[in-house]
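Going by my numbering, 205 is the number at position 223 of the sequence shown; the sequence numbering is gapless.
We put the beta carbon where it would ideally sit given N, CA and C, even for glycine.
Here is the structure we will look at.
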Amino acid sequence: MKEEQTDRSCSKLFAAGNNRPLLVVIVLLLLVIIWLLIKPPIPLLPKPPLQDGPPKPKMVDRIRSLAGVVESYRSNPHLDINAIQIKTSPAGVKTFDFRPHMAKAITQTTKIGDSVTVTYAIHPNDEEVGYQLIAIKNSITGKSDLLKDIPPPPDVPNHNTEQFKLSSPVVLTDKYGGIVALRKNDLLFHFKPGLVDNISSLIKQSKQFDLIAVHRTDDQGFININHDKVYIVLSISIDNKTYLVR
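Written out as structure tokens, the structure is:
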């Protein structure tokens, strides 16, 4: 009997010795879990702001001013004045672009030969460096124009329509070959860019046209460089087929 009790005691001691590492592991795991539950959260680092390409220069860094003398005005393919040329002593002649509907206000403020100060922005234009007019001041009279204050006109003037029959007019095109207007004597018939591209070959081959158009009056702000009477074309008929172009 004593031997059996001794064997049982030894077995219990052996089993307890084998379970001790497992208990240690369990205790350690419990300590780790408790620490994870009570530790303060680590704040996440903010994500860097997304950027499309290199940082863009601020507009204020691209605004310049200079003084000079008005040398001439330039026009776009529609023959509407949309730029002024200023002659300066250090830089020669520079051209400053503006929207065509601003021409009347600018030409009323400054005349050819006047001394002016211009504020302008440098901007890419057809892969070349161009200058966008922001403001202009007549140094003699003190009159000035801030171009952003000049509102754009309506797309189509609110006037009665008129009908015209044209025979062999001059076809005006832009530098890409797109048709922008028809001109007959001192009448110019203006097409909105891109709206006659699908019939441009037909217009170039034809000689007779029937037009429905609206007169563009001077209060719209535009100035035709030839002082033509300008009409906005609403429809054009060729060979008894009518095309709406506005």
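*Take P151 and list the residues in its own chain whose beta-carbon comes closer than 8 Å to its own, dropping the five residues that flank it on each side.*
The count along the sequence shown starts at 1 and reaches residue 151 at position 169. If we look at P151 and ignore the five residues flanking it on each side, its Cβ neighbours are L164, R165, K166, F171 and F191.
_So the candidates are P135, A65 and I45; which of them puts its Cα closest to the Cα of V52?_
Translated into positions along the sequence shown, residue 52 becomes position 70. Selected option, being the one with the closest Cα: A65.
*CB-CB under 7 Å to I181, same chain, minus the five flanking residues each way: which ones, in chain order?*
For the purposes of this step, residue 181 is taken as the residue at position 199 of the sequence shown. In the same chain as I181, and ignoring 5 residues on each side of it, the C-beta atoms closer than 7 Å to its own belong to Y225, in chain order.
*Could you give the distance in angstroms between the alpha-carbon of S54 and the alpha-carbon of Q67?*
For the purposes of this step, residue 54 is identified with residue 72 of the sequence shown, where counting begins at 1. For the purposes of this step, residue 67 is identified with residue 85 of the sequence shown, where counting begins at 1. Between S54 and Q67, the C-alpha separation is close to 5 Å.
*Spatially closest choice to I104 from F78, S97, A85 and K189, by CA coordinates*: Within the sequence shown, the letter at position 122 stands for residue 104. Ranking F78, S97, A85 and K189 by Cα distance to I104 puts F78 first.
*Which residue comes first and which comes last in the alpha helix (DSSP H) that contains I181?*
Residue 181 sits at position 199 when you count from the first residue of the sequence shown. From DSSP, I181 is part of no alpha helix (DSSP H); its letter is neither H nor E.
*Would you report the Cα separation of G74 and R46, rounded to the nearest angstrom?*
Here the question's residue 74 lines up with position 92 in the sequence shown. Here the question's residue 46 lines up with position 64 in the sequence shown. Taking the straight line joining both Cα atoms gives about 16 Å.
*Hey, how far is the Cα of F173 from the Cα of S121?*
Here residue 173 corresponds to residue number 191 of the sequence shown, with the count starting at 1. Here residue 121 corresponds to residue number 139 of the sequence shown, with the count starting at 1. Their backbone Cα atoms lie some 38 Å apart in a straight line.
*Mind checking K93: buried by the 16 CB within 10 Å criterion, or exposed?*
For this step, residue 93 is matched to residue 111 along the sequence shown. It is exposed - the Cβ of K93 has fewer than 16 other Cβ atoms within 10 Å.
*Do S126 and T91 have their C-beta atoms closer together than 8 Å?*
Stepping through the sequence shown from its first residue, residue 126 is reached at position 144. Stepping through the sequence shown from its first residue, residue 91 is reached at position 109. Their beta carbons are under 8 Å apart, which means S126 touches T91 by this criterion.
*When the distance is taken between beta carbons, is V196 closer than 8 Å to I185?*
Along the sequence shown, read from residue 1 onward, the residue named residue 185 stands at position 203. Along the sequence shown, read from residue 1 onward, the residue named residue 196 stands at position 214. Contact flag unset, no.
*Can we say the stretch 141 to 161 touches the stretch 200 to 212, given the rule of at least three CB pairs closer than 8 Å?*
no
*Can H83 and G203 be called in contact, C-beta distance under 8 Å?*
Taking the sequence shown and counting its residues from 1, one reaches residue 83 at position 101. Taking the sequence shown and counting its residues from 1, one reaches residue 203 at position 221. Yes, Cβ-Cβ distance for H83 and G203 is below 8 Å.
*With a CB to CB cut of under 8 Å and the five nearest residues on each side skipped, what residues in its chain are close to V98?*
The residue you call residue 98 lines up with position 116 of the sequence shown. So the list reads A49, G50, V51, V52, I68, T92, I118, K119, N120 and S121, once near-sequence residues are dropped.
*Does the distance from the C-beta atom of R198 to that of P139 stay below 8 Å?*
The residue given as residue 198 occupies position 216 in the sequence shown. The residue given as residue 139 occupies position 157 in the sequence shown. Yes; because the gap between Cβ atoms is below 8 Å, this pair is in contact.
*asked:* Considering just the uninterrupted stretch of the beta strand (DSSP E) at A65, what are its terminal residues?
replied: Taking the sequence shown and counting its residues from 1, the one referred to as residue 65 is at position 83. It spans I63 to T70 - the beta strand (DSSP E) in which A65 sits, taken as one unbroken run.
*Quick one: which unbroken beta strand (DSSP E) runs of 3-plus residues sit fully inside the stretch 117 to 185? Chain order, please.*
The stretch 117 to 185 contains these whole beta strand (DSSP E) runs: 126 to 128, 143 to 149, 152 to 155, 161 to 166 and 169 to 172.
*asked:* Could you tell me the alpha carbon to alpha carbon distance between K223 and T123, rounded to whole angstroms?
replied: The sequence position of residue 223 within the sequence shown is 241, counting from 1. The sequence position of residue 123 within the sequence shown is 141, counting from 1. Answer to the nearest angstrom: the Cα atoms are 54 Å apart.
*Under 8 Å between the Cβ atoms of A85 and I63?*
Your numbering for residue 85 matches position 103 in the sequence shown. Your numbering for residue 63 matches position 81 in the sequence shown. In this structure, I63 lies closer than 8 Å to A85 by Cβ.
*beta strand (DSSP E) containing A195: first to last residue?*
On the sequence shown, residue 195 is found 213 positions in, with the first residue counted as 1. Going by DSSP, A195 is part of the beta strand (DSSP E) stretching over Q190 to H197.
_For I214, report the span of its beta strand (DSSP E) as first-last._
For the purposes of this step, residue 214 is identified with residue 232 of the sequence shown, where counting begins at 1. First-last of the beta strand (DSSP E) with I214: K211 to I220.
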